[in-house]
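Protein sequence lines correspond, in order, to chains A and B. In terms of this note's numbering, the first sequence has 1032 at position 342, counting the first letter as 1, and numbering is strictly consecutive. In terms of this note's numbering, the second sequence has 858 at position 168, counting the first letter as 1, and numbering is strictly consecutive. Just so you know, even glycine gets a beta-carbon here, dropped at the ideal spot from N, CA and C.
2 protein chains.
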Amino acid sequence: MAGTAKELGEERETVVTLARLAGVAASTVSRALKGDPRISAPTRRRIEALASARGYTPNVLARTLSSGRSGLIGLALGPIANPFYSELMQEAVSQAATRGLRLLMLSAGSGPIEDDTAQALLQYQVDGCLITSAQLSSRAAHICAAHNVPVVMVNRVPRLHASAIACDNFQGGQELAAFLHNGGHRSFAIVRGNPDSSTSIERERGFVEYLAARGIAVALRIDGASTYDGGFSAGRMFAEMPPERRPDAIFAVADIMAMGVIDAFRIAGIGVPDEISVVGFDGIAAAARPVYAITTVAQPLARMVGRGLDLLTARIGGTALPDEVVLLRGELAVRRSARRPA
Amino acid sequence: MAGTAKELGEERETVVTLARLAGVAASTVSRALKGDPRISAPTRRRIEALASARGYTPNVLARTLSSGRSGLIGLALGPIANPFYSELMQEAVSQAATRGLRLLMLSAGSGPIEDDTAQALLQYQVDGCLITSAQLSSRAAHICAAHNVPVVMVNRVPRLHASAIACDNFQGGQELAAFLHNGGHRSFAIVRGNPDSSTSIERERGFVEYLAARGIAVALRIDGASTYDGGFSAGRMFAEMPPERRPDAIFAVADIMAMGVIDAFRIAGIGVPDEISVVGFDGIAAAARPVYAITTVAQPLARMVGRGLDLLTARIGGTALPDEVVLLRGELAVRRSARRPA
DNA sequence: TTGAAAGCGTTACCAG
DNA sequence: CTGGTAACGCTTTCAA
């Protein structure tokens, strides 16, 4: 083991130094190391042995310069108070790794992704870009388009030049409405998420339209800002209403808000689901905890990330594929936070 | 706006194309753009104008190749079921950005960081490496050392060649023990974290030693795996004990486990802190929610990340500074999950 | 104040 | 099957 450790400050190996050591050309080393079939087995073995003995590490940046591909995917994320996005990020990191891609993380702040962030992406020659929990400003979109950097929005429907992968939020909203309606609920409220997130809007729309088709109007909509605290405040507001005016059922468009609502009810001594039903959306791990047991629509996280990377890699070769929007169906997870159909 | 958008497939600008356009040499462009004082003001302005008009983006990778610095920091993280690490990561991303650094994310799986991960870091010529929620294998440490890549562990004390920044876990453990002891508790239990995390061990040691010095032995230690579920199971175990044999106070060495413990007690109908006190460690956002209100030691997250990056950048110039371990004092946050001293 | 040229480490192309 | 050479885009001497 110690034999492979190198002195501090020792020069780093390169294809050239290896070539000299092996008595071959640099190009031969390069080819041998990436398994080019034209290199004879003995030569390859000799070079491989040498490389590993000397602890050679290829310089990906130099490779990028000459080949044009960096193996880097930019991952831009907005504020991730919502655990859904941590879970998404982890999934992305690990799936990218298995595909030999690395993630360059960019924090996008709370607004749309601006020029400087887009610039940063381009500076590092990312092969593509995954955007979650944020929108792309139109200039940023132009910049990416101009530089042939494919963009895939995850969990957002793109307003601009970009492909997207998302859960079928509209359908999920409908499904929850149906579940509650069949469960005998008749008066509904919604705790809304971020007002300019397509995700939240679609969920709400699905829910509302399903009920509207049955002649029911949603009685109340409160903003919950897609945060726990927002949900909690909303929950307190419901709790303060006279019981006879309170809705039967509440749809918080994100689990994290549903958790806040449920906690507010608990503190107020309002029984869930005995006095009021609460459903969420996302399927985050915390929503499944026994103390919440939230009935929700679980997003197919792994598949979303996988398909998202597919969309990206398909477009990376320079192949000019048209933008594509993929909607994946979420799965209704029936737990105990809502009274269920008989 | 539209004027700056470029046709799809148009060649990307480089110092060379800009130089041609401006009628100067490439080196002049390079110097002008980075504010080299030797370039005359008019020339600089002309070049700057041109660059921004044509949407020029420097290729950081090429720069790295010639200058040796990538501006990339490798961020290796283990499994981040614990929200503390999501919070840490976010903080790291944004602080790095303000320093002009970017983070390359590497998922380290659950074991120590192995050779291949270290290789990946080196391949991308990271200037330095931040490791959290994981240990560095001895080989990986050697590899980084050999390549002059400084390593800083965050929230871990290094076993090997690396600097580190952490909360003073030992002191925090003592402080919690003191708080509980002064609050009149006399029988204690610990819910342990990951058995080979220095963080957990130190917290536990601080707690145990404080009590031992007062002639009290910790009655019971249960493994909680640093997860909510682990805490929840531990809580159930306590709940099933005959009340007279149950400890007075429980120290869960991570807030996320304390949450599990508290929830288990709630389900079992055991009052916190009336029947039993629970304290945690970390200061994650969720621990402050009214339904938990966990008394805990809050880690100074922002300062930890800041000092961690300081340690790193100080070593990046090639400056061979000795390894350094910085301990920051956490702050006791007294909330309502534990009976407090009179 | 500016230009020319030589690298940085890799890959790709063209010879042989 | 292998070797040379020319890129890739930028910085950095060294000259002018």
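Looking at A:A787, A:T807 and A:R789, the one whose alpha-carbon comes closest to that of L791 of chain B is A:T807. Here T747 of chain B carries a coil assignment [DSSP, helix/strand/coil]. Counted as a single uninterrupted DSSP element, the beta strand (DSSP E) harbouring V841 of chain B occupies residues V841 to V844. Taken in chain order, the complete alpha helix (DSSP H) segments of 4 or more residues contained in the stretch 768-832 of chain B are 773-788 and 805-813. Put simply, the CB of R997 of chain A is far from chain B, with every gap to its CB atoms at 7 Å or more. For the stretch 940-956 of chain A, residues whose beta-carbon sits nearer than 7 Å to a beta-carbon of chain B comprise D953 and R956. For A948 of chain A, the enclosing alpha helix (DSSP H) has its first and last residue at D945 to A958. Taking a contact to require three or more Cβ pairs closer than 8 Å, the stretch 1005-1021 of chain B and the stretch 943-962 of chain B do not qualify as touching. Chain order gives the chain B residues near P980 of chain A as F922, D953, A954 and I957, where near means a beta carbon separation below 9 Å. Residue environment: S797 of chain B is assigned as buried (16 or more neighbouring CB atoms within 10 Å of its CB, all protein chains considered). Counting C-beta pairs closer than 8 Å gives three or more between the stretch 856-867 of chain B and the stretch 894-901 of chain B, which meets the contact rule.
Around the beta carbon of G914 of chain B, 16 or more other beta carbons sit within 10 angstroms, so the residue counts as buried. The alpha carbon of M949 of chain A has as its nearest neighbour, out of A:S1027, A:V1015 and A:R1019, the alpha carbon of A:S1027. Going by DSSP, T1003 of chain B is part of the alpha helix (DSSP H) stretching over L991 to I1006. In the three-state scheme derived from DSSP, where H, G and I count as helix and E and B as strand, D919 of chain B is classed as helix.
Contact check for I912 of chain B and A924 of chain B: beta-carbon distance about 4 Å, within the 8 Å limit, so the pair qualifies.
Only buried fits T822 of chain B, as 16 or more other CB atoms lie within 10 angstroms of its CB. T754 of chain A belongs to the set of residues whose beta carbon lies under 7 Å from a beta carbon in chain B. Residues S890, A915 and S916 of the same chain have their beta carbon placed closer than 8 Å to that of N884 of chain A, with the five preceding and five following residues left out of the count. The C-beta separation of S888 of chain B from V1015 of chain B comes to about 11 Å, leaving the pair out of contact by the 8 Å criterion. Pairing G1020 of chain A with D972 of chain A, the inter-Cα distance amounts to about 8 Å. Listed along chain A is no residue with a C-beta nearer than 9 Å to that of N884 of chain B; the closest approach is about 17 Å. T747 of chain B reaches chain A at Q809, L812 and Q813, counting residues in chain order whose Cβ is nearer than 7 Å. By the neighbour-count definition (other C-beta atoms within 10 Å, threshold 16), A731 of chain A is an exposed residue. Taking a contact to require three or more Cβ pairs closer than 8 Å, the stretch 774-789 of chain B and the stretch 738-752 of chain B do not qualify as touching. Between A954 of chain B and G970 of chain B the beta-carbon gap is near 14 Å, outside 8 Å, which marks them as no contact.
Interface annotation, A787 of chain A: in contact with chain B, CB-CB separation under 7 Å. In the structure shown, T707 of chain B falls within a helical segment according to DSSP collapsed to helix, strand and coil. Contact note: R702 of chain B reaches chain A through H837, using a C-beta cutoff of 7 Å and chain order. DSSP places S853 of chain A within a strand segment (E or B) once states are collapsed to three.
Around P773 of chain A, the beta-carbon contacts reaching into chain B at under 8 Å are P773 and S776. Of the other Cβ atoms in all chains shown, 16 or more fall within 10 Å of the Cβ of A879 of chain A; this residue is therefore buried. Residues of the same chain with a CB within less than 7 Å of the CB of A741 of chain A, apart from the 5 flanking positions on each side, are L708 and L723 in chain order.
Non-local C-beta neighbours of D1000 of chain B in its own chain, meaning closer than 7 Å and more than five positions away in sequence, are absent. Here L1022 of chain B is near V987 of chain B, since their CB atoms are less than 7 Å apart.
If you look at A939 of chain A, you'll find it in the beta strand (DSSP E) that goes A939 to A942.
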